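For reference, the structure discussed in these notes is given below.
Structure, rendered in structure tokens:
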């Protein structure tokens, strides 16, 4: 049984301009101790998907009745979307699931010390005393490689550098020993040399704490370095998913292929960059049929623009949603 | 091919005062420290560094958007020759036409209250480069076509466009006055990969078509590797290495360049190496370390590096480095 199972998640937002579909029919599962990478460009719905795991989306969000998110805990199965009161949500938010955000400056309260914030959440989610919570927090700060942890504990977010803030964020997220950690672009705001340090740290911690990670990023290189499996999102849907080595080496969906071709690679400086033609459509004008057909080089006339493709298995555990693939499968 | 550089920077220093004091001098932040470089006409010159390395300040100093503390910047396009630091009124105005800037964030760079046509036409009107409205429209349509903008888009407002289209509008605005030299400051950093490739290709074709010289500022080495012919690496306000792209990537000679290259996450999941990761973080530019500024994080630093500033020296043709142990690296 997977730790987390998401089935047919469809999420819309009520806005002044009408109902916008942000996520459509997304299904995936994460096992304990596994790192699932969720990759996509801006507007692909990756953050919104992650936030729905903790019902953190704004009030105007509408989940379809078929949407189902199940969390397997020792105390039993939790149906996340059925939780209504915020008291009930405590089991999930910060309890079983912790989250690291992209912008470490914006995610710490500026007027409370780092330590104060770390202790506060421990008091809410565990039965520790204030003293124990403080001791554990300092220990966690040391674990993530912050020097003079006891001093940093009493400092404010603005006194820390970007890399240190992100480390403190990780320490804070892990101190409650979550089953699942959602990392939403945790290294995007950092310089490459600091990014490398933080990625190394996260890899070490997965081994040590044995938790699962949902790692959201737009950077395929980062995914290649940290993830076990990857799911590629485009305009609210998962177009391809599978083991990370397979998907990156033999991508099956035209969008995944396009993404990889558009990426400048250091070992192939002379090869021209091939952009994916056109722009990402506005979510207000979602194309009918396959959402990628407006930019797809392998588009099949009258088919892709009319019906939504279903998942086709490429190899074990690796599948993609594309008619071109289906056609190839039949021909073979 | 001319042999004279279009932009020549000699021993440039840019300092900012941090606050004011009643007595004595306020603490100074030296953003650019003794930088010299030559940008040849028609070159795509890349400037790489992490945040706080001074790359943006250097770019802006060349455009005279920040005051120069000491040193010299010369602009020479065979028609005019300017000492950029001491330009006054009329010459400065003319220099503004010749040297332009493309910004990073296409969302912040465009006024939401102006139509695309007005946004692109504004530099022409401000600089008085066209006499009649027809002439202006002609120039706007011409540059819009070059930047692959749809002509019917000219009547719309920026909010109707995606990031990639906005960046094309922003590029058209920078190029409409027909400059010689363009500073592109992180111009693709805010874009998605599929769009980024499109803008990079556009910049390259515009360079060919309009005979432009670019200073391309970026933190992303793989992007720079693809588009630039020459790359300079900055760390904490100083240049640490400068070489033709191929040489730099084949044979990085400064430990910082080497570390930067190895920090880029590889697309190959089998290459999950922990090779040569840098310890620590970039020190504060207010209080830079003595000697070689990189010694606090350098894997090969020795006693000498802590006291003696390494000399900027040429290793081979066009490949310069500032490191005592460049031969060993």
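Chains as they are written, first to last, in my numbering: chain X, 1 to 332; chain D, 1001 to 1329.
Glycine included, every Cβ here is placed at the ideal spot set by N, Cα and C.
Because the structure is a prediction, the values reported are computed rather than measured.
CB contact below 7 Å: residue i versus chain X
i: residue 1174 (chain D); result: no
i: residue 1293 (chain D); result: no
i: residue 1164 (chain D); result: yes
i: residue 1223 (chain D); result: yes
i: residue 1265 (chain D); result: yes
i: residue 1051 (chain D); result: yes
i: residue 1319 (chain D); result: no
i: residue 1055 (chain D); result: no
i: residue 1278 (chain D); result: yes
i: residue 1076 (chain D); result: no
i: residue 1001 (chain D); result: Its pLDDT being 46, under 50, residue 1001 (chain D) is placed unreliably by the model, and nothing is read from it.
i: residue 1041 (chain D); result: no
i: residue 1148 (chain D); result: no
i: residue 1226 (chain D); result: yes
i: residue 1290 (chain D); result: no
Cutoff 7 Å; reference residue i; Cβ partners in own chain excluding five residues on either side
i: residue 1003 (chain D); result: none
i: residue 1066 (chain D); result: 1014, 1057 and 1060
i: residue 96 (chain X); result: 71, 73, 178, 179 and 180
i: residue 173 (chain X); result: 98, 99, 100 and 181
i: residue 257 (chain X); result: 251
i: residue 22 (chain X); result: 11, 12, 13, 45, 48, 236 and 283
i: residue 303 (chain X); result: 323
Per DSSP, cross-strand counterpart(s) of residue i
i: residue 147 (chain X); result: In DSSP, residue 147 (chain X) forms no bridge with anything.
i: residue 99 (chain X); result: X:182
i: residue 1233 (chain D); result: D:1048 and D:1241
i: residue 233 (chain X); result: X:238
i: residue 334 (chain X); result: Any property of residue 334 (chain X) remains undetermined from this structure, which presents chain X solely from 1 to 332.
i: residue 1299 (chain D); result: Paired residue(s): none; residue 1299 (chain D) is not in a bridge.
i: residue 1126 (chain D); result: BP columns for residue 1126 (chain D) are empty, so no partner.
i: residue 1216 (chain D); result: D:1046 and D:1184
i: residue 295 (chain X); result: None; residue 295 (chain X) has no bridge partner.
i: residue 29 (chain X); result: X:5
CB contact below 7 Å: residue i versus chain D
i: residue 224 (chain X); result: yes
i: residue 56 (chain X); result: no
i: residue 163 (chain X); result: yes
i: residue 180 (chain X); result: no
i: residue 332 (chain X); result: At residue 332 (chain X), the pLDDT of 47 sits below 50, so the modelled position is not reliable; the number obtained from the coordinates is stated separately. Not one chain D Cβ lies under 7 Å of residue 332 (chain X).
i: residue 279 (chain X); result: yes
i: residue 276 (chain X); result: yes
i: residue 269 (chain X); result: yes
i: residue 266 (chain X); result: yes
i: residue 14 (chain X); result: no
i: residue 244 (chain X); result: yes
i: residue 103 (chain X); result: no
i: residue 34 (chain X); result: no
i: residue 326 (chain X); result: no
i: residue 191 (chain X); result: yes
Close beta carbons around residue i, own chain, < 8 Å, minus the five adjacent residues each side
i: residue 1122 (chain D); result: 1114 and 1173
i: residue 1111 (chain D); result: 1119 and 1158
i: residue 260 (chain X); result: 220, 248 and 251
Residues near residue i by beta carbon distance below 6 Å, same chain, minus five either side
i: residue 28 (chain X); result: 6 and 231
i: residue 1319 (chain D); result: 1243 and 1247
i: residue 332 (chain X); result: With a pLDDT of only 47 at residue 332 (chain X), under the threshold of 50, the placement of this residue in the model should not be trusted; the figure read from the coordinates follows. Answer for residue 332 (chain X): no residue qualifies.
i: residue 1136 (chain D); result: 1121, 1124 and 1130
i: residue 1001 (chain D); result: Only weak support is given to the placement of residue 1001 (chain D): the predicted model assigns it a pLDDT of 46, under 50, and the question is left unresolved by the model.
i: residue 1098 (chain D); result: 1179 and 1180
Residue i CB to nearest heavy atom of the ligand FMN below 6 Å
i: residue 1291 (chain D); result: Among the components of this structure there are no ligands whatsoever, and the ligand FMN is therefore not found.
Any chain A beta carbon closer than 7 Å to residue i
i: residue 1269 (chain D); result: Given the protein chain composition of this structure (X and D), no chain A is represented.
Could you name each continuous beta strand (DSSP E) segment of 3 residues or more that falls completely within the segment 1001-1047 of chain D, going from the start of the chain to the end?
-> 1007-1017 and 1028-1039
Count the C-beta pairs between the segment 1162-1169 of chain D and the segment 269-283 of chain X that are closer than 8 Å, then say yes if the count reaches three, no if not.
-> yes
Of all the alpha helix (DSSP H) runs that stay within the bounds of the segment 1241-1278 of chain D, which reach a length of 4 or more residues?
-> 1245-1250 and 1255-1263
So does the segment 7-14 of chain X actually touch the segment 215-230 of chain X, counting three or more Cβ pairs closer than 8 Å?
-> no
Which whole runs of the beta strand (DSSP E) in the segment 176-226 of chain X are 3 residues long or more, in chain order?
-> 180-184 and 212-217
Meets three-Cβ-pair contact criterion under 8 Å: the segment 1066-1081 of chain D and the segment 1307-1327 of chain D | no
Does the pairing of the segment 1284-1304 of chain D with the segment 1253-1270 of chain D give three or more beta-carbon distances under 8 Å?
-> yes
Decide yes or no for the touch test of the segment 299-313 of chain X against the segment 268-276 of chain X: beta carbon pairs closer than 8 Å, at least 3 of them.
-> no
Is the segment 1018-1025 of chain D in contact with the segment 313-325 of chain X, if contact means three or more CB pairs nearer than 8 Å?
-> no
The segment 1206-1224 of chain D / the segment 1037-1057 of chain D touching (three or more Cβ pairs under 8 Å) | yes
Take every Cβ of the segment 24-39 of chain X, pair it with every Cβ of the segment 210-217 of chain X, and state whether three or more of those distances are shorter than 8 Å.
-> yes
Is there contact between the segment 181-190 of chain X and the segment 130-143 of chain X, where contact requires at least three CB pairs shorter than 8 Å?
-> no
Mind the definition here: the segment 1141-1157 of chain D touches the segment 1189-1197 of chain D only if three or more C-beta pairs lie below 8 Å; say whether that holds.
-> no
Can at least three beta-carbon pairs, one atom from the segment 1280-1295 of chain D and one from the segment 1198-1206 of chain D, be found at a separation below 8 Å?
-> no
Do the segment 106-116 of chain X and the segment 193-203 of chain X meet, that is, are 3 or more Cβ pairs less than 8 Å apart?
-> no
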